[in-house]
Every structure is written in structure tokens, then in C-alpha cells.
Amino acid sequence: MRSDLTDITLVVDRSGSMDAIRGDAEGGVNAFIHKQAEEPGEALLTLVQFDTEYEFVHKGTPIKKVPRYELHPRGATALLDAVGRAINETGERLAAMKEQDRPGLVIFVVMTDGLENSSREFTSVRIKEMIERQQGVYNWHFTFLGANQDAFAEADSLGIHRGGAANFAPHKMRATMAVTGGKVSRMRQQSSSGGLVDNAFTDEEREEMT
Numbered sequence: 271m272r273s274d275l276t277d278i279t280l281v282v283d284r285s286g287s288m289d290a291i292r293g294d295a296e297g298g299v300n301a302f303i304h305k306q307a308e309e310p311g312e313a314l315l316t317l318v319q320f321d322t323e324y325e326f327v328h329k330g331t332p333i334k335k336v337p338r339y340e341l342h343p344r345g346a347t348a349l350l351d352a353v354g355r356a357i358n359e360t361g362e363r364l365a366a367m368k369e370q371d372r373p374g375l376v377i378f379v380v381m382t383d384g385l386e387n388s389s390r391e392f393t394s395v396r397i398k399e400m401i402e403r404q405q406g407v408y409n410w411h412f413t414f415l416g417a418n419q420d421a422f423a424e425a426d427s428l429g430i431h432r433g434g435a436a437n438f439a440p441h442k443m444r445a446t447m448a449v450t451g452g453k454v455s456r457m458r459q460q461s462s463s464g465g466l467v468d469n470a471f472t473d474e475e476r477e478e479m480t
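Residue numbers for the sequence shown follow our numbering, beginning at 271 and rising by one.
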């Protein structure tokens, strides 16, 4: 594995309700990508956007080559299907890499402003099994950002460790992505130095998002 390589997957809600915060969400995602592109080491980005449907915008792309992201809200919230497919795709992509080329750190960031309401392929029970396996067996790190809901309860239902979950206020979308970018940068530094990777938000970071 490469301690200087991080694989980042962003799962971004583009359902119709995101229209009210489209500018901030778009700007926040782009600022997150820009910050990670400037960090030491290398990173690959997979960006998935979802509504009733699911779309790969980028798949394992070197983050320094990722162009500006544009968000066009529409449809409902098929959160479970998006997360399930993203996990499967990332797992298959990493499995196809030689061991010495695989990233030393794998990070998922899931951002949604509403509750699941239209998935057809995956259930919450299945997603919880998948996430707990990836966390426990492969040491993947999951972050769950939720607005207009109890993000901690939702994270619990998906098997995501509470330290990596956070509520955010819709009008704090830019700040939320900035804080999350700071946490991801911190994790990358910890991983590259061979230290313990801490996926938890600090109390101060949580306050900035609400």
C-alpha cells in the first residue's frame, strides 16, 4: 500500500430540495476538491451525485485533474442506492489494483439534506452490513453529513461511527465542506506519517457547521 495515496469518494445529494442551497453546495464541493488537490501526497477522487437516479461524475480520477463541479438539483433522494453502488465500485476498483499501488487511506464522505425516500436496490440493513465490513475489515473511513434530520441516528442506522457523523445547517453548507476538508486533510497527514487516523470531528468543528 502507498501511505502517500488517499482514495476519496464524495457522495453528493442533488435531489430537488438542494436547489435552495445549490450555490453554496456547489461552491463547498469545489472548495473541498481544491483544498485536497493542494495537500501533500496524491489523492484519487470519485464523485457520485444522486437523486432518484445515480451518476458517476468522476471515478478514481487524480484530484489535481478534476474540473469544476456543477450541481443541478432534481428528483428524490435514493441515498441507499447511491452509497451501496459507490461502495461496490470503489471495492472493485481497488481490488483490481496491485497491492503495492493501493491507497493507504480510503475515505467516504456522504452529504445529504434530507432522508432516504426512493431507493430500490439497497436496504438500510444491507448498507449497514456493507459499511461495517469496510470499516472493520478494510479500515475505510466514513463521514456522514446530514441536514434537516438527526445525522447521528441516520449514521447509526447505516453503521457509520458516530465520530464521523455531523449535523449541518443548510445555510452553513460552505462552512460544512470547509470543516470536512480540514478533517480529511488531518487524516491524510496522520496516515502519511504512519500514525493513528482519527475520523472524528472536534466539538469546535461541529459548532461551525450548525
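In this text, a Cβ means the ideal position worked out from N, Cα and C, and glycines have one as well.
Since we're looking at a predicted model, the values are computed, not measured.
Local conformation of residue i per DSSP, three classes
i      : result
Asp277 : strand
Ala307 : helix
Pro467 : Just to set this straight, residue 467 is Val in the shown sequence, not Pro. The answer is coil: DSSP assigns Val467 none of H, G, I, E or B.
Met381 : strand
His342 : coil
Glu424 : helix
Burial state of residue i, where buried means 16 or more other Cβ atoms lie within 10 Å
i      : result
Val395 : exposed
Pro337 : exposed
Ser393 : Rather than Ser, the amino acid found at residue 393 in this sequence is Thr. Exposed, because fewer than 16 other Cβ atoms sit within 10 Å of the Cβ of Thr393.
Glu477 : exposed
Ala423 : exposed
Residue i, enclosing alpha helix (DSSP H) - first and last residue
i      : result
Met271 : Per DSSP, Met271 belongs to no alpha helix (DSSP H) and is neither H nor E.
Straight-line Cα distance separating residue j from residue i
i      : j      : result
Gly451 : Glu391 : 30 Å
Asp283 : Arg403 : 24 Å
Thr360 : Ile397 : 14 Å
Lys334 : Ser273 : 18 Å
Val449 : Ile401 : 23 Å
Asp383 : Pro440 : 7 Å
Leu326 : Met288 : It should be noted that the sequence gives Phe, not Leu, for residue 326. One C-alpha to the other measures close to 18 Å.
Gly416 : Ser461 : 26 Å
Met479 : Lys442 : 6 Å
His342 : Val281 : 15 Å
Residue i: first and last residue of the uninterrupted beta strand (DSSP E) it sits in
i      : result
Thr316 : Glu312 to Phe320
Lys329 : Tyr324 to Pro332
Test: residue i CB closer than 8 Å to a CB of chain C
i      : result
Ala290 : In the structure shown, chain C cannot be found, because there is only a single protein chain.
Segment contact, 8 Å Cβ cut-off, at least three pairs: the stretch 401 to 411 with the stretch 311 to 329: no
Cβ pair count under 8 Å reaching 3, the stretch 317 to 327 against the stretch 466 to 479: In short, these stretches do not touch, since the Cβ pair count stays below three.
Touching by the beta-carbon criterion (3+ pairs, under 8 Å), the stretch 293 to 310 and the stretch 350 to 368: Judged by Cβ distances under 8 Å, the stretch 293 to 310 makes no contact with the stretch 350 to 368, as fewer than three pairs qualify.
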